[in-house]
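Report on one structure; see the data block that follows.
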Amino acid sequence: MTVQEIRAFNRFYTNLIGALDYSRSLHAPYTLTESRVLYELAHSPRTDAADLRTALRLDSGYLSRMLAGFEKDGLVELAPSEKDTRRRRVTLTARGRAAADLLDERSREAIGSLLSTVPPGDRSRLAAAMREIREILSDGRRRAPRREDVVLRGPGPGDLGWIVQRNASLYTAEYGWNSDYEGLVARIVADFAEDHDPHLERVWIAELDGRPVGSVMCVRDKAPGTARLRLLLVEPDARGLGVGDRLVGACVAFAREAGYRELVLWTNDVLSAARRLYLRHGFSLVSEEPHRSFGADLVGQDWRLDLGLDPHRAEDRQPEAGK
Numbered sequence: 001m002t003v004q005e006i007r008a009f010n011r012f013y014t015n016l017i018g019a020l021d022y023s024r025s026l027h028a029p030y031t032l033t034e035s036r037v038l039y040e041l042a043h044s045p046r047t048d049a050a051d052l053r054t055a056l057r058l059d060s061g062y063l064s065r066m067l068a069g070f071e072k073d074g075l076v077e078l079a080p081s082e083k084d085t086r087r088r089r090v091t092l093t094a095r096g097r098a099a100a101d102l103l104d105e106r107s108r109e110a111i112g113s114l115l116s117t118v119p120p121g122d123r124s125r126l127a128a129a130m131r132e133i134r135e136i137l138s139d140g141r142r143r144a145p146r147r148e149d150v151v152l153r154g155p156g157p158g159d160l161g162w163i164v165q166r167n168a169s170l171y172t173a174e175y176g177w178n179s180d181y182e183g184l185v186a187r188i189v190a191d192f193a194e195d196h197d198p199h200l201e202r203v204w205i206a207e208l209d210g211r212p213v214g215s216v217m218c219v220r221d222k223a224p225g226t227a228r229l230r231l232l233l234v235e236p237d238a239r240g241l242g243v244g245d246r247l248v249g250a251c252v253a254f255a256r257e258a259g260y261r262e263l264v265l266w267t268n269d270v271l272s273a274a275r276r277l278y279l280r281h282g283f284s285l286v287s288e289e290p291h292r293s294f295g296a297d298l299v300g301q302d303w304r305l306d307l308g309l310d311p312h313r314a315e316d317r318q319p320e321a322g323k
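Residue numbering for the sequence shown follows full-length UniProt numbering, starting at 1 and increasing by one per position.
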């Protein structure tokens, strides 16, 4: 019976997915595989061709021809990897990101239309059942999460509230900060929700197995030509998967493409893991000052990244101030 049930489910699910693209325009002008590659690139700002081939299980020759076509169309830039010059780094251009965003929007609309027929109370059951299928068919056991399991996406309903709740809970648990911090985060998130320009400001949610595990914001600063990185957060059980690195990388790439001249942020010296991330992406510490906030004695720090520089080139990195 198990074989028959799986075959019946396969027929049902194939027909269901086909119905989502009844007009055959969901991925146009790209094939389904091309759309998958663009999606992967959009959620991994700096990707090697070899990593793409492994993640998507594509033939190397087929992928090479596809990437060459993308480069010809101005969708990607190909360059030797900084880590290994035998490997090719693939980076979306502004045009490529726009194409990926359009595909993502079409996909969300199609899936949203499908979910509109599912009662709200059944949606969590549906997501849980899908996760269980993936886990059972992944060698029949729960495996440890991998970097490629994490997806970056825009915020959905409830995600902005999640940012407030998780920031408040985590910083209280890990650093003993009081409710003043929750109030600050709530104001930042409310300001974004009430008024933001999607071409110049953005929020990313890192998702693992259908649940949010991280977030970051890129918003306009008061200074002309300046963007501000805010509220970087990674859940404890998702640390070590490169989530923070990808979130900061997405924020930097977006700020560059949006035309900002510099990206700034404010943090505190106790957040050592975050500070290492900022250094890795080319930020430099420009000032620091002791203060008492959130019920604790802290040292606030201002960091800055010149977006005219490539943060991944060693010659463009700037030393941390005071060292």
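Don't be surprised by glycine CBs; every beta carbon is placed ideally from N, CA and C. Note that the coordinates shown come from a computational prediction; the quantities given were computed from them, not determined experimentally.
Length of the line joining the Cα atoms of Ser23 and Glu109: Counting from one through the sequence shown, the residue named residue 23 turns up at place 23. Counting from one through the sequence shown, the residue named residue 109 turns up at place 109. Confidence at Ser23 is low in this model, with a pLDDT of 49, below 50, so its placement is unreliable and no value can be given for it.
Whole-angstrom distance between Ala99 and Asp73, CA atom to CA atom: For the purposes of this step, residue 73 is taken as the residue at position 73 of the sequence shown. For the purposes of this step, residue 99 is taken as the residue at position 99 of the sequence shown. Each residue's alpha carbon lies about 11 Å from the other.
Every unbroken beta strand (DSSP E) inside the UniProt domain "HTH marR-type" (1 to 135) [3 residues or more]: You should have 76 to 80, 88 to 92.
For Val164 and Val189, believed in contact at Cβ under 8 Å, the rounded distance: In the sequence shown, residue 189 corresponds to position 189, counting from 1. In the sequence shown, residue 164 corresponds to position 164, counting from 1. That pair is a contact at about 5 Å.
Simplified DSSP assignment, three categories, for Gly308: Stepping through the sequence shown from its first residue, residue 308 is reached at position 308. Under the three-state reduction of DSSP, Gly308 is assigned to coil, being neither helix nor strand.
Under 8 Å between C-beta atoms of Arg123 and Leu115: The sequence position of residue 123 within the sequence shown is 123, counting from 1. The sequence position of residue 115 within the sequence shown is 115, counting from 1. Cβ distance < 8 Å, so Arg123 and Leu115 count as in contact.
Three-state secondary structure assigned by DSSP to Ser138: One-based indexing of the sequence shown puts residue 138 at position 138. Coil, per DSSP.
Secondary structure of Leu229, DSSP reduced to three states: By one-based count along the sequence shown, residue 229 stands at place 229. Strand.
Meets three-Cβ-pair contact criterion under 8 Å: the stretch 194 to 204 and the stretch 166 to 185: In short, these stretches do not touch, since the Cβ pair count stays below three.
Distance, Asp159 Cα to Ala206 Cα: Along the sequence shown, read from residue 1 onward, the residue named residue 206 stands at position 206. Along the sequence shown, read from residue 1 onward, the residue named residue 159 stands at position 159. Their Cα atoms are separated by approximately 11 Å.
As assigned by DSSP and simplified to three states, the class of Pro195: As a working mapping, residue 195 is identified with position 195 in the sequence shown. With the sequence shown as reference, residue 195 is identified as Asp, and Pro is not the correct amino acid for it. Asp195 sits in coil when the DSSP states are folded into three classes, being neither helix nor strand.
Alpha carbon of Thr14 to alpha carbon of Val3, nearest angstrom: Taking the first residue of the sequence shown as position 1, residue 14 is located at position 14. Taking the first residue of the sequence shown as position 1, residue 3 is located at position 3. About 16 Å.
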